[in-house]
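J.: Quick one: the structure is below, questions incoming.
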Amino acid sequence: MGITSGITSKIFGEKKTTTTDGYIDLEKYADATVGTTAGARMRVAIGDIERYEDLKNLTDFVYGGNVLILDFTAISDQEVLLKRVTNELKRITDDIGGDVAGIGNNLMVISPNGVKVDRRKIRGK
Numbered sequence: 014m015g016i017t018s019g020i021t022s023k024i025f026g027e028k029k030t031t032t033t034d035g036y037i038d039l040e041k042y043a044d045a046t047v048g049t050t051a052g053a054r055m056r057v058a059i060g061d062i063e064r065y066e067d068l069k070n071l072t073d074f075v076y077g078g079n080v081l082i083l084d085f086t087a088i089s090d091q092e093v094l095l096k097r098v099t100n101e102l103k104r105i106t107d108d109i110g111g112d113v114a115g116i117g118n119n120l121m122v123i124s125p126n127g128v129k130v131d132r133r134k135i136r137g138k
């Protein structure tokens, strides 16, 4: 912190950057959450796929009993590749007793055995 920023912060107070238009800046909490999933039985991760070969690492996560939210924006315009990936994900979830469901235009949820994806939207009053 420089001299001028120290003086201005004393005059005007500390600059608050935790919210912007109703959003919370989660950057300051990132270090605090590292390692907090150690006791969890299941994790939810967000992944993206850019080519068919990426599927191996992504499906290993689901085979491990975790939920994956998959962003397939990068391949959404490649109809043959998208169909191939979707069919493979359906085969995998059938194999492990899991579930796969689309969310919007570019996201899928892939869940392990014992987790069913409800396709109905929950709405507030």
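Residue numbers for the sequence shown follow this note's numbering, beginning at 14 and rising by one.
Where is the CB? At the ideal position from N, CA and C, for every residue including glycine.
Treat the numbers as computed from the prediction; the structure is a model and nothing was measured.
1. Looking at residue 75: is its Cβ nearer than 9 Å to the Cβ of residue 111?
2. Does the beta-carbon of residue 79 have 16 or more other beta-carbons within 10 angstroms, so that it is buried, or is it exposed?
3. In the DSSP output, what is residue 112 paired with across the bridge?
4. Could you have a look at residue 107 and say whether DSSP puts it in helix, strand or coil?
5. Below 9 Å between beta carbons: does that hold for residue 81 and residue 88?
T.: This is what the structure gives:
1. Within the sequence shown, residue 75 is the residue found at index 62, counting from 1. Within the sequence shown, residue 111 is the residue found at index 98, counting from 1. Yes, Cβ-Cβ distance for residue 75 and residue 111 is below 9 Å.
2. On the sequence shown, position 66 is the one that residue 79 refers to. Burial call: buried.
3. Taking the first residue of the sequence shown as position 1, residue 112 is located at position 99. DSSP, once it has assigned bridges, lists 124 as partnering residue 112.
4. Your numbering for residue 107 matches position 94 in the sequence shown. Reduced to three states, the DSSP call for residue 107 is helix.
5. The residue given as residue 81 occupies position 68 in the sequence shown. The residue given as residue 88 occupies position 75 in the sequence shown. No, the pair does not count as a contact, with Cβ atoms beyond the cut-off.
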